[in-house]
Structure formats: structure tokens, C-alpha cells
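Novice:
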Amino acid sequence: MKLVHPLMKYVRPGAISTATCTGCGDGIIAQAVLRAIDELELNIDDFVFVSGIGCAGWIPSPFFNADTLHTTHGRPIAFATGVKLARPDREVVVISGDGDLAAIGGNHLIHAARRNIGMTVICANNGIYGMTGGQVAPTTPLGLKTTTTPYGNVERAFDLCALTDAAGASYVARWTTYHARGLTRSVKKALTKRGFSFIEVISQCPLQYGRRTGVGNAVAMMKGYKENSLSVKKAASLSEEELKNKIIVGELVDKDMPELTEQIEKLRRIHE
Amino acid sequence: MSKEILTGVYFMQGDIACAEGALAAGCKFFGGYPITPASEIAERMAERLPEVSGVYIQMEDELASIAAVVGSSWTGAKSMTATSGPGISLMQENIGYAVATETPCVLINVQRGGPSTGIPSIHLQGDIIQARRGSHGEYEMIALAPSSSQEMFDFTIDAFNLAEKYRTPVFILSDAFVGHMREEVIIPEPERIYRVPRKLPDSGTCGGKFRGFLDEDVAPMPIFGHGFKTHVTGSCHNDFGQRNVIDAEALDYYIKRLNSKISKHAHEIISVSQDVDGKEVALISYGSCYRAAREALNILEDEGIRQVGSFRLLTVWPFPRNQIQELARKVKSIIVLENNLGQITPYVEAAAGGQAEVIFLPPRVLGTLHDPATIVDKVKEVIR
Amino acid sequence: MIEIDEDLCKGCEICVAFCAKDVLEMSDKFNKKGVHPPLVVREEDCNLCGNCMLYCPDLAIVVAEEEESE
Amino acid sequence: MSKAKKAEIRIAGFGGQGVVLAGVILGRAAVLYDKKKAVQTQSYGAEARGGGARSEVIISEDSIDYPKVMRPDILVAMSEQALDKYLKDLKPGGVLLIDSELVKNLPPEQRFTLYKFPFSRIANDEFGRTIVANVIMLGVLTGLTRLVSFEAMKSSIKTSVPKGTEEMNLKALKKGMDLAKVP
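Sequences listed follow chains G, C, H and Z, in order.
Going by our numbering, the first residue of the first sequence is number 28, and it counts up by one from there.
Going by our numbering, the first residue of the second sequence is number 2, and it counts up by one from there.
Going by our numbering, the first residue of the third sequence is number 40, and it counts up by one from there.
Going by our numbering, the first residue of the fourth sequence is number 18, and it counts up by one from there.
#1: Opposite R183(C) in the DSSP bridges: which residues?
#2: Sort out for me which residues DSSP pairs I173(C) with in a bridge.
#3: Short of 6 angstroms in beta carbon distance, which residues of its chain neighbour S78(G), apart from the five on each side in sequence? Order them along the chain.
#4: My output table needs one value for T369(C): the three-state DSSP class, helix, strand or coil.
#5: Considering just the uninterrupted stretch of the beta strand (DSSP E) at K216(G), what are its terminal residues?
#6: Would you grab the beta carbon distance between L174(C) and A146(C) for me? Rounded to a whole angstrom, and I think it's under 8 angstroms.
#7: So does the region 325-333 of chain C actually touch the region 280-287 of chain C, counting three or more Cβ pairs closer than 8 angstroms?
#8: Is it the case that the Cβ atoms of V171(C) and A297(C) are separated by a distance below 9 angstroms?
#9: With a threshold of 16 other CB atoms inside 10 Å of the CB of E109(H), please say whether the residue is buried or exposed.
#10: In the DSSP output, which residue or residues are listed as bridge partners for L96(G)?
#11: Is it a yes or a no for the region 122-140 of chain G touching the region 115-133 of chain C, going by three-plus beta-carbon pairs under 8 angstroms?
#12: Can a CB atom of chain C be found closer than 9 angstroms to the CB of V38(G)?
#13: In chain Z, which residues lie with their C-beta within 7 angstroms of the C-beta of A293(C)?
#14: Note down the Cα distance separating G101(G) from A113(G), rounded to an integer number of angstroms.
#15: Closer than 9 angstroms between beta carbons: that is the criterion. Which residues of the region 97-112 of chain C meet it against chain G?
#16: Between M18(Z) and the rest of its own chain, which residues show a CB-CB distance below 6 angstroms, the 5 nearest in sequence each way excluded?
#17: What residues are listed by DSSP as bridge partners for I76(Z)?
#18: From this set, V100(C), T104(C), A101(C), H124(C), which residue's C-alpha is nearest N110(C)'s C-alpha?
#19: Report back the beta-carbon spacing between P223(C) and T231(C) to the nearest angstrom; my notes put them in contact at under 8 angstroms.
#20: When you compare only the Cα positions, how much space is there between D195(Z) and G156(Z)?
#21: Report buried or exposed for T169(C), applying the criterion of at least 16 other Cβ atoms within 10 angstroms of its Cβ.
#22: Verify the CB distance criterion: does S60(Z) have a CB-CB separation below 9 angstroms to chain C?
#23: Enumerate in chain order the residues of its own chain whose CB-to-CB distance from K198(Z) is below 8 angstroms, with the five nearest sequence positions on each side excluded.
#24: Output, in sequence order along the chain, the residues in the region 280-296 of chain G whose CB is closer than 7 angstroms to any CB in chain C.
#25: Would you kindly work out how many angstroms separate the C-alpha atoms of G86(C) and Q112(C), rounded to a whole number?
#26: Ordered along the chain, which non-local residues of its own chain (more than five positions away) have a Cβ less than 7 angstroms from that of Y140(C)?
#27: Between which two residues does the beta strand (DSSP E) harbouring I43(H) extend?
#28: With respect to the beta strand (DSSP E) encompassing K188(Z), which residues constitute its N-terminal and C-terminal limits?
#29: Taking the Cβ atom as the reference point for each residue, do A56(H) and M249(G) lie within a distance shorter than 9 angstroms?
#30: I'd like to know whether the C-beta atoms of T173(G) and R238(G) end up nearer to each other than 9 angstroms.
#31: Near I360(C), what residues of its chain come up, given a Cβ to Cβ distance below 8 angstroms and the 5 sequence neighbours on each side ignored?
#32: Pull up the distance between the alpha-carbon of A374(C) and that of S77(Z), whole angstroms please.
#33: With contact counted as at least three CB pairs below 8 angstroms, one residue from each stretch, are the region 162-174 of chain Z and the region 34-45 of chain Z in contact?
#34: Could you tell me the alpha carbon to alpha carbon distance between W75(C) and S66(C), rounded to whole angstroms?
#35: Going by the beta-carbon positions, is the gap between V214(G) and R62(G) smaller than 9 angstroms?
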């Protein structure tokens, strides 16, 4: 008998084949998000998925068979803010890339974290501009040669988790696509968390990153994530020198803070 | 008394009247960023929206403001933002997104003196073309130009109704003069205020099978949160919202449908007021300039010069081409009054098609209302 | 049991690389996309860990216990 | 259109004197309480305090087409700078009202009717609050010109000034009305 993939029921008819390149980590992230929804037994009709421009914007749109708002470059969090404020009872999830969320959209990211608005932002961080052809991103490692850093990147990479933590997010976690199980756990946590949740997923772009920089294909990249990552707990006992070039994975922030839509609801109650 | 509609007589600033008009129209969401001379609208909405179970949010910038407005509109809320030229410049990309995704929303531009920072508190009709074509690509826009506090109230209601009826962003092109001026505003009884409700698909309709986009006669809006599973994208898409970023034919269909949704109904949208029958000269004006045109006509009438009439654009966009074509057949001369260097004048010239002489008359000093005396002088010169 | 929807496969080989029991191999045949999909060659060694399914970016692999599929 | 009775008033001074509010109170009195038509406009510098500020009101029996004051019938100068800048616009035979505490250099020409009162001094000495100078001025203006009724002015002040200051402002208005009887 033929087995049906348990997550296929969440996939929009006609959009079954993902729009990503061979081995792209975005598919693993998409699956992790859907698995989290499935395991929590939530109704996908209660979700609004918002994405921006770039490969990762295609993770929910049109792939997820739900309300999906595919917005302009850099602005998904701002659109999502409007959605969440007007319908606080909905689960609002932003899924987009590092260029979209942290370069052009960096301001919206920090302000959403500051407001602690009840949404989940999942950042597929491939460290490069994939869709436009491998240009340097604010998340590209120092020294890396890209199509726009032919002599090596002279800028430091952004630590997005530290950024959103500093800005006031209630929940922050980092994983890689190798850690698909941990990622699923974090998405479940984020979806049930009041307040702003940010999950960074280090994700392979086998074409624009792997091939051009010589790191290798998707398999090589994921093996690299496995070898170079260590848990938050383990990292706590290591020196800065020992942590150099390591990916710290796990939950970085989990705290309870006043959430924006609840604060706004209080304003309305004054007038009732 | 309804908290949404504060029935009564007021001595009210244009900006405040605009906010009250929005609330009377059923606006439940305001996303904005402070800027002179539009901040009073935001301040009023911040105070008033919580009273009517609405949401006010001051976003981190104008790009975020329009994005939040569009996002909230997709949940079914009537939404607006208010800013001035610099803010509109920042919003342009997502104004295009609102057009492309057929998102009803109202954009208030209280114009100030530009380009760039210019003079914040001085009025210029500098953003007329920007409203029409400020975003990239090929699209239609609806824009209304109020000239008084009362019209700031009335036209804002009209703007919400047009936005709902045609599922598209609608501009109010006010200016610092009208926005900051205080005049009598009469807010009618709630039953006298007409509100166009949002047209929604039947419940149970699933997005994948529902034609929720690109209908020339305006598709019902498959808003979020009702299980429609709507796919909204600013990319080229078909009637079902399905993206197509490969075929030129798809782009052709997409653009033409979005445009014909407005152009096909232009005759219903366009509103002009004219008093030109049997006249020799017409004064074309819109927004604050209309007040100067009226005064000039009063002076002319007092002097016994009666062959001059007024043609006012209440909607600047879509442009009343046919109406001006007709006007050009009736009168010998058209004087276009604009507080800029002639933004609609080329459109008037094109519509007149040589049937009437078209003369552009700016105020002597840009950023001020026309001195009625200069209009009177120009009319006398033309008549002679 | 493992089932592979060959036509969804893009041939990334992640499933093969991360299978702890070497159950999968890349096949020689071409699917509709013109890539080599994986083949289940040692199903008896499979411990149903689900890595291949978890990592497949294209939802092309399903792993389930035999009994439950009856 | 018939030429209805129409008065144009310009009140000018510097930011912080309540010049704009004075115009608003006047316009509101005319529209809401005397059932006339009025339009109020303003201009000010970029500074919230200390720069030039101007408030203009047109009051008419009929609807007002042109909302801008070009040749005021009444000019109220609350600073020397304001007088210098705007005197030339005053209609021949118009009324010039000045704060004599702040405007010392008066022009020699007599093509207008001049009234002068030390609004700021009175506000400071009798009310301990310089800010009420604008309302004392409005009292004088009302007493001299009857542009709006005293009752309308009282009602307008009650709904325009900050809560808790109504009584003081009404006293200031009364003071102005009394001053107007003297000259």
C-alpha cells in the first residue's frame, strides 16, 4: 500500500513540489514548521503565514495550504504586525531569510522584538543572498569570498539571536538544519509562547554558498553544521577563543514579558 | 451617542475632521509615523481608536506603517495611514503592493513644501503626480482633493467607501493649509452616513478554488482567518491568486485587469463640480486652490464679469479626461490653478486637445494660496 | 517501511548521507526531474529512526512502521 | 454672492504667547456660540517657543470662500517683530491693537485706530501668569469690536483652555472687557 506523507495534508494543492534548489535547507525548515503544527494538533486555518522576498519567502508561500501573505522585500514583520494587531486571536508566523529580515528589514525585526508582539519569526539564515546570485549578506562570515566580496568579506556577521535578545524578544533559539528535531521542538515552543519568538535556522544554500565558496554540497554543509555546532549548555563552559567559528544551538532566551496585543486590549477596556 | 460618529457642530481643524471622517466610515486600524503637517491625524486616532475597539499603532517608520495597514486590511479591518510627502515617498513600494493585492486602505497625504525636507508647515500641491505614479509599474489610482475642514471629513468617508467598493488604496490629497485650517464641521447623524461594507466570499469557499483576484467588477475579498486559505502575493498572479512569474501573457492579463478594474468604472468614481454652461472661460482647480478660484469668481461677479465659471476636480485621479474634453468644446479658455509648477496642466492640455486655450496659473509665490486678484487679472487678460 | 516519491526527489542525497544504517543508495535511473532518486536497498536494516524523512527537503520520503500501514 | 459683513483679524506675536489659541477661541466663539461662519489659520516657525507665530481669523455672516487673511481689518501685535512684519498689510482705517509692554516703537502714521494695553504686564502683575495675556487681549478685542458676543467668548474659553484654568481665564477675559470700556 502507498504511504502518504503525514505533512502533505498541509501542502497547498498544486504547490506540492517545493520551489527550492536541490538540497536547499528551506525544505527542511518548511517540514519542521509543519511538523510542529501537526504535533501540537493545531488547525492550520488559524494561522497566517507572512513572508518576504528571497528564497525563504517561498517556504510558506504558496507551499502551505493556509492564509499566506507574501509581501515585499524586508517588510514581512511590518505586515505581520498589522495582521496580528487586527486579529490577535490568530497565530502569525513570519518565515523569511536573513537578507530580508536582518538587512533591509532589520529595523522591523528589532522593533517587533521591542514591542514583544505575539508572533513567531523564523529566519532561514544561509549567510548569503541566494536568489540574486550569491552576494554578501550581513550574516556572511568575515573573509568569505562572495560575488560582491571578491577579495573576501571585510564586515563582521550579524548575531541575530543576540540582536533580538537585546531588543526584548521573549523567546530566542538557534538551530541548524542538521538539528531538525531541536528545531521542531523550538517551533512548538515558539507557537505556544506569549510574546515575540525568534528562531534562527542556519541553513544550507548548496548553490550560491556551498558551490561558490568551496564548502561543498548540501550533505557537506549539513555535516559541517553537525561538526561545528555545540549546545548552549556546553558553550557556557568554553572560552571565547574556543567558541570561535562555532554555532551555538539551542534555546537562548525564554522569559515572560508583557505582550503587545494584550497591552492594547487593556486600552480598549478603559472605554468599555 | 455613537462613539464612532460624534454627531454635532464643531470648529475643527482639517486634520482632526479627517480622523473623525475615518472613524465615521468605520476605520478600525491606523498605522503611522509622525510628520508635520499630518501628525494631528495620528494624535486624534491614537486617542479615539481605543474608544471604538480599534487599534492605533505608531510604527517604526513609514515603510512599516503602510505594511501594517495592508496586513490589518487583510484581516477585514478598514485601515488607514496619514503622512506627508516624505512619508508617502517611503511608502511607495507598498502602495504598489496594496494596488497589486487589491487591498482596500486609505492614504492621507497632507502635502507640504518639497522636494526633500522642504518646508514642513507650508502647503504645496507637489505630490499630485506622485500619487498617480509614485510606485513602480503600471497601475491606476484614486485620489480625492478636499478644500475645507468639512470636506476633510466628508471626503475621508468617500475614500473609505471607494476603497471598499473597488478594493484598492485611495488617496486623500490634502495640504498643510487645509489640514491645519479650522472651520465649521458638521458631523451628521449616524443614519445619514453611508458606509460601503466589505464584500466577502461565501463562508466555506476555499481559496484554491475561489476567484478572489483580478475581477474587473471587483472580486469579493478572501480575507484571512476564515479558512479561505488565501494566497496573497505582490508577484504577478492569476484570478485565484496563484503566482506566475514566467509568462508575459500572465503579466499582460494581471496588469490589464488591475487597471481596468478602475478604468472601466472611472465614470462612477470621477467627481467634478462645474458651473460652465454658457461661459467663455473656465477656472480649473482642485484642493485648496478651489477656495481662491471661488473668491476670484465672487470678485468677477461683483464687477459684472459673468462669462467665467468654475470646474473643480473633487477626484484628481482617475483624471476626468472626458469631462475636460467636453469642457474644452464649451469654453474658449481654460485657466488651470495649481499650487505647483503645473502638474495636472499637461493632462488638461491633452484632454482639451486644442479645442480650448489652456493657461496654467500658479500662485505668485509657491506655497501660498493664489491671490484672487491675480486670478481676476488673468481672466480679464484672457477675455480681452 | 520506507516509501520514496521518486518524482518529488531533487537528488540532493541528504537522505543517503544521514541514514545511520546505510539503508539507502542513489539509483541509476532518472526521475521526471532528470535526477537520480534514492533507492531502498537494505530495508531490513532500517531502524525507523526517520532521519531520511526528517531531512528530505522535498517531503519525498515517508517512513512508517509496517503494522500501522495495514 | 452678496458681500456680507466680514471681518479679518490677524493676531501675531511669538511662539508661547498663546497666539494660535487666541485665534482658535475667537473662531470657535463665532461658529459654535454665535452661529456665524469663521475660519482660522496659522503659521509658525520651526521652534515651538520663541519663533514668530501668527493666527488669523475670518468671521462672516456668510460662508467664507477665501480662507486666507490678506488685508486684515484688525491687527493684534503682541511683539515688536510682529508689528514690523505685518503693519503694512493692515487695511487703511483698520484697528491696531498692541501689547504696549512689548511693543515700544510705534509707527508715526495714523491711517489706523490704535489701541494699546500692557497685556503682558497685567497678566503678570494681576494674575501671576503671563500666559493669560492672550485672553486679556481677547477681552479687549471683544469689548472694542463686538466681533463676537461676550457670552460666546465665555463659552468658547470654557471649552478651549486647559482643564482647571477656566476660572482664571474667565477672569482674564472680564479684565479685558473692563479695560476696553476705559479708552
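For each residue, glycine too, the CB sits at the ideal point set by N, CA and C.
All values reported here derive from a predicted model rather than from experimental measurement.
Specialist: Working from what's here:
#1: Q14(C), Q57(Z)
#2: I109(C), L145(C)
#3: G84, P87, S88, H97, P103, I122, S123
#4: coil
#5: Careful: K216(G) lies outside any beta strand (DSSP E), inside the alpha helix (DSSP H) at 207-219.
#6: 5 angstroms
#7: yes
#8: no
#9: Low local confidence applies: a pLDDT of 44 at E109(H) is under 50, so the model's placement there is unreliable, with the coordinate-based value given in what follows. With fewer than 16 Cβ atoms within 10 Å of its Cβ, E109(H) is classed as exposed.
#10: V77(G), V233(C)
#11: no
#12: no
#13: Y83
#14: 21 angstroms
#15: G97, Y98, T102
#16: Low per-residue confidence applies at M18(Z): pLDDT is 34, beneath 50, and the placement is therefore not dependable enough to give any value.
#17: A24(Z), A55(Z)
#18: H124(C)
#19: 4 angstroms
#20: 8 angstroms
#21: buried
#22: yes
#23: G160
#24: I291, L294, R295
#25: 6 angstroms
#26: G97, V100, L259, N260
#27: 41-43
#28: Element bounds for K188(Z): not the beta strand (DSSP E) but the alpha helix (DSSP H), 183-198.
#29: yes
#30: no
#31: S334, I335, I336, V337, K379, V383
#32: 20 angstroms
#33: yes
#34: 14 angstroms
#35: yes
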